[in-house]
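With my numbering, the residue at position 281 of the sequence shown is 281, and numbering never jumps. Worksheet for the structure shown next.
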Amino acid sequence: MILLQCAQLSKFFGSEQILSNVKLEIKSRERVALVGRNGAGKSTLLKVIAGEMNYDSGTLMIPKETTIGYLAQDSGLETSRSIWDEMLTVFTEVRNMEKTLRKLEERMSDPMQEDYEKILKEYDQLQLDFQARGGFQYEADIRSILSGLHFTSFDYDTPVESLSGGQKTRLALGKLLLSKPDLLILDEPTNHLDIDTLTWLEGYLSAYDGAVLIVSHDRYFLDKVVGVVYELSFRQTRRFVGNYSSYLDEAAKLEEQEWKLFEKQQGEIKKLEDFVQRNLARASTSNRAKSRRKQLDRMERMDRPRSDDKSAQFSFGITKQTGNDVMKIDSLSLGYTDEALVTNLSLDLSRGESLALIGPNGIGKSTLLKAIVKKLKPLAGSIHYGSNVEIGYYDQEQTELHSSKTVLQELWDDYPQTPEKDIRTVLGNFLFSGDDVLKNVQDLSGGEKARLALSKLMMQKANVLILDEPTNHLDLDSKEVLEEALISYPGTIIFVSHDRYFVNRMATRVAELSPTGVTSYLGDYDYYVQKKLEQAELKRLAEEENKPAVSDVQATPSSKSDYQENKAKQKNERQRKRRIEELENAIEQKETVIEELEAKLVDPEVFADHEKAREVNEQLEAAKAEMDEAFEEWEALQ
1 MILLQCAQLS KFFGSEQILS NVKLEIKSRE RVALVGRNGA GKSTLLKVIA
51 GEMNYDSGTL MIPKETTIGY LAQDSGLETS RSIWDEMLTV FTEVRNMEKT
101 LRKLEERMSD PMQEDYEKIL KEYDQLQLDF QARGGFQYEA DIRSILSGLH
151 FTSFDYDTPV ESLSGGQKTR LALGKLLLSK PDLLILDEPT NHLDIDTLTW
201 LEGYLSAYDG AVLIVSHDRY FLDKVVGVVY ELSFRQTRRF VGNYSSYLDE
251 AAKLEEQEWK LFEKQQGEIK KLEDFVQRNL ARASTSNRAK SRRKQLDRME
301 RMDRPRSDDK SAQFSFGITK QTGNDVMKID SLSLGYTDEA LVTNLSLDLS
351 RGESLALIGP NGIGKSTLLK AIVKKLKPLA GSIHYGSNVE IGYYDQEQTE
401 LHSSKTVLQE LWDDYPQTPE KDIRTVLGNF LFSGDDVLKN VQDLSGGEKA
451 RLALSKLMMQ KANVLILDEP TNHLDLDSKE VLEEALISYP GTIIFVSHDR
501 YFVNRMATRV AELSPTGVTS YLGDYDYYVQ KKLEQAELKR LAEEENKPAV
551 SDVQATPSSK SDYQENKAKQ KNERQRKRRI EELENAIEQK ETVIEELEAK
601 LVDPEVFADH EKAREVNEQL EAAKAEMDEA FEEWEALQ
């Protein structure tokens, strides 16, 4: 069933066109990502779909019975109710049904009344409706959602207005999830979520009964959740089947094919034009030249492929190198009062390391970074710095920026000896060009402020970078540029990030914070996850070993049961071998199908027809997915 369909959708802000000829379709249970650069119009399109903003032309079709839930960026709850009471508002109608049931039960206590049968029928029907609406489990649902979003440590009587901005946003997400609309529209739902909560949300959305439309800059999250990607670029959309990584591959292939076809046609045009120019004036070849000219006039010329290649360009350098021992943290206790957030924290840092600090929200990761950069005094313990250590700090709150200054002043005032031309060049590398440098800092978007803060950090040329959530507010392209700059950085890095893709690319070591200290894992994020799973499995096995042993009579099987067990094993082995053969044949057939579809996809006739290309691409993705499933099963059986 199609839940939403829009075609030729356009939107203007004054004279500036934000959306043009947008096509988008969402079916039941689809998981759809909307991707594009900051400022491309993603949030605007979501607001149009959610009915919070009008559009200027085109069609937007949503069936009347379709329910839509929309979570805007950083839209926290503002209410004087408690956490629990606010969650209960989702179930107002169900609770009213519950009250009616109680009243009917009271009336049913007197079987002698005249309309007793009518009351019984009304009660039976209402009870069925109540059950269908989740009436017997809504309190359990609330507890489950609050637990998944890490509110278990809160007293549920806590007023919502006393929570932080990030907590209010998480609660707004929880309330929306409880309402279970047919279509969930989520604009940056991963903001303010730690890694554990992100993992829970991935599982929840993957199993969600409705459809989901997501804007997110979390690549790991998109890869886990979505199966369709719409790219919004140059005010238009293109559809890709697969997760985010698959979209990147397919988009790169399509761009390459477009350039090949364009260049091929340009070559043909040049040959024809040269022939006409050389032969038109000669009587013997004039007719042929005229024929070629008509061929040129009839030719449907391809537009030059457009590439949205406006990317930041920067790198981080250092003026001098540190010694091998960069930092030694010994028995550190941290907090903002006498009560410590974290205690007994010991950690060594060597030159060239890229250390990721991870742990749940509120555990003290940002607090530790502030202690390292001497913005917070430890309650106990010490931090020793190695020789030649020069620290550069990126603050996720961007408190180092001055709201009253212009972009140019913000950077130039820190480096007054640098010529204005060079300052403007640096800002240009961070996408501040022309009059952009005269904007006030207070008028910048989150992404622009992040780029400005990074430009100041680059100019510092520190040999130790302390980064607190550096990817927040950056679009996907800017994240990739930042990653490349940090990977080639010759200094030492300590960073906090909830972006697991970023952590995986950047980290040479992962340090997990807990209230009683820190545990180090020498490797990237995938290695950390693998080790945590191994530890959980070892713990489970140890618990099983410590269980009371069953009696000898129970533990020793009879010879008859031995025979039956061996027979079952042999049968399973035969079934396993047969299944392996079936899967090998299926994989072979799928490989042939994939080769044929890939050949079709580069056929100019198919490629020139967008609908045909999309259809073939969908068939190709489906065939690849089926082959991957077969291959995974084959590997498991092996």
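For every residue, glycine included, the Cβ atom is placed at its ideal position computed from N, Cα and C.
Under 8 angstroms between C-beta atoms of residue i and residue j
{"i": "Leu178", "j": "Val90", "result": "yes"}
{"i": "Thr79", "j": "Cys6", "result": "no"}
{"i": "Asp683", "j": "Gly381", "result": "For the chain, the structure presents residues 1 to 638; residue 683 sits outside this window and is missing."}
{"i": "Trp84", "j": "Asp129", "result": "no"}
{"i": "Arg424", "j": "Val441", "result": "no"}
{"i": "Leu149", "j": "Val160", "result": "no"}
{"i": "Phe430", "j": "Phe314", "result": "yes"}
{"i": "Glu591", "j": "Met627", "result": "yes"}
{"i": "His498", "j": "Asp194", "result": "yes"}
{"i": "Glu410", "j": "Thr508", "result": "no"}
{"i": "Phe495", "j": "Ala356", "result": "yes"}
{"i": "Glu469", "j": "Gln396", "result": "yes"}
{"i": "Leu205", "j": "Val225", "result": "yes"}
{"i": "Leu19", "j": "Gly41", "result": "yes"}
Segment limits, alpha helix (DSSP H) that includes residue i
{"i": "Arg540", "result": "525-545"}
{"i": "Ser445", "result": "Neither: Ser445 is in no alpha helix (DSSP H) and is coded neither H nor E."}
{"i": "Arg278", "result": "244-279"}
{"i": "Gln236", "result": "Counting along the chain, Gln236 falls outside any alpha helix (DSSP H), though it belongs to the beta strand (DSSP E) covering 236-241."}
{"i": "Gly491", "result": "No alpha helix (DSSP H) contains Gly491, which DSSP labels as neither H nor E."}
{"i": "Ala371", "result": "365-372"}
{"i": "Met112", "result": "No alpha helix (DSSP H) holds Met112; DSSP gives it neither H nor E."}
{"i": "Ser331", "result": "Run containing Ser331: none in the alpha helix (DSSP H); it sits in the beta strand (DSSP E), 325-334."}
Where residue i falls: helix, strand or coil (DSSP)
{"i": "Met97", "result": "helix"}
{"i": "Gly359", "result": "coil"}
{"i": "His402", "result": "coil"}
{"i": "His473", "result": "coil"}
{"i": "Ser286", "result": "helix"}
{"i": "Ala380", "result": "strand"}
{"i": "Pro63", "result": "coil"}
{"i": "Ser69", "result": "Looking at the sequence provided, one finds Gly at residue 69 rather than Ser. Three-state result, Gly69: strand."}
{"i": "Lys11", "result": "strand"}
{"i": "Arg424", "result": "helix"}
{"i": "Ile195", "result": "helix"}
{"i": "Thr516", "result": "coil"}
{"i": "Ala50", "result": "coil"}
{"i": "Ile142", "result": "helix"}
{"i": "Ala40", "result": "coil"}
{"i": "Leu232", "result": "strand"}
{"i": "Gly58", "result": "strand"}
{"i": "Asp395", "result": "coil"}
{"i": "Thr190", "result": "coil"}
{"i": "Leu149", "result": "coil"}
{"i": "Ser82", "result": "strand"}
Range of the contiguous beta strand (DSSP E) that encloses residue i
{"i": "Val503", "result": "It is not in any beta strand (DSSP E) - Val503 instead sits in the alpha helix (DSSP H) that spans 500-506."}
{"i": "Lys23", "result": "16-27"}
{"i": "Ser346", "result": "342-350"}
{"i": "Ile318", "result": "Careful: Ile318 lies outside any beta strand (DSSP E) and carries neither H nor E."}
Contacts around residue i, its chain only, beta-carbon distance under 6 angstroms, and the 5 residues preceding and following it disregarded
{"i": "Asp325", "result": "Gly386"}
{"i": "Ser478", "result": "Ala312"}
{"i": "Ser551", "result": "Any reading at Ser551 must be qualified, since the residue scores a pLDDT of 43, below 50, and its modelled position is unreliable; the value itself is stated next. No residues qualify anywhere along the chain."}
{"i": "Thr556", "result": "Its pLDDT being 39, under 50, Thr556 is placed unreliably in this model, and the coordinates cannot settle the point."}
{"i": "His384", "result": "Lys328"}
{"i": "Gln398", "result": "Lys449, Ala453"}
{"i": "Met1", "result": "Ser28"}
{"i": "Leu408", "result": "Val437"}
Beta-carbon contacts of residue i that lie in its chain and below 8 angstroms, excluding the five residues immediately before and after
{"i": "Leu341", "result": "Leu334, Gly335, Gly362, Ile363, Gly364, Thr367, Pro515"}
{"i": "Met97", "result": "Leu126, Asp129, Phe130, Arg133, Gly135"}
{"i": "Leu597", "result": "Val616, Gln619, Leu620, Ala623"}
{"i": "Ala371", "result": "Leu332, Leu334, Lys377, Pro378, Ile383"}
Below-8 angstroms beta-carbon distance, residue i vs any chain B residue
{"i": "Leu24", "result": "Of the protein chains in this structure there is only one, and it is not chain B."}
Residue from the options whose Cα sits closest to the Cα of residue i
{"i": "Val593", "options": "Lys577, Ile580, Asn617", "result": "Asn617"}
{"i": "Ala462", "options": "Tyr521, Tyr55, Arg351", "result": "Arg351"}
{"i": "Leu184", "options": "Val276, Asn38, Asp414, Gly210", "result": "Gly210"}
{"i": "Lys532", "options": "Val510, Glu543, Glu544, Gly517", "result": "Val510"}
{"i": "Asp182", "options": "Ile119, Ser216, Ile26", "result": "Ile26"}
Close-in-space but distant-in-sequence residues of the same chain around residue i (CB under 7 angstroms, 5 per side omitted)
{"i": "Glu633", "result": "Leu583"}
{"i": "Leu272", "result": "Arg292, Gln295, Leu296"}
{"i": "Thr322", "result": "Arg351, Gly386, Ser387, Asn388, Val389, Asn463, Val464, Thr492"}
{"i": "Ile145", "result": "Gly174, Leu177, Leu178"}
heavy atom of the ligand COA below 7 angstroms from residue i C-beta
{"i": "Lys600", "result": "Because no ligand of any kind appears in the structure shown, any question about the ligand COA cannot be addressed here."}
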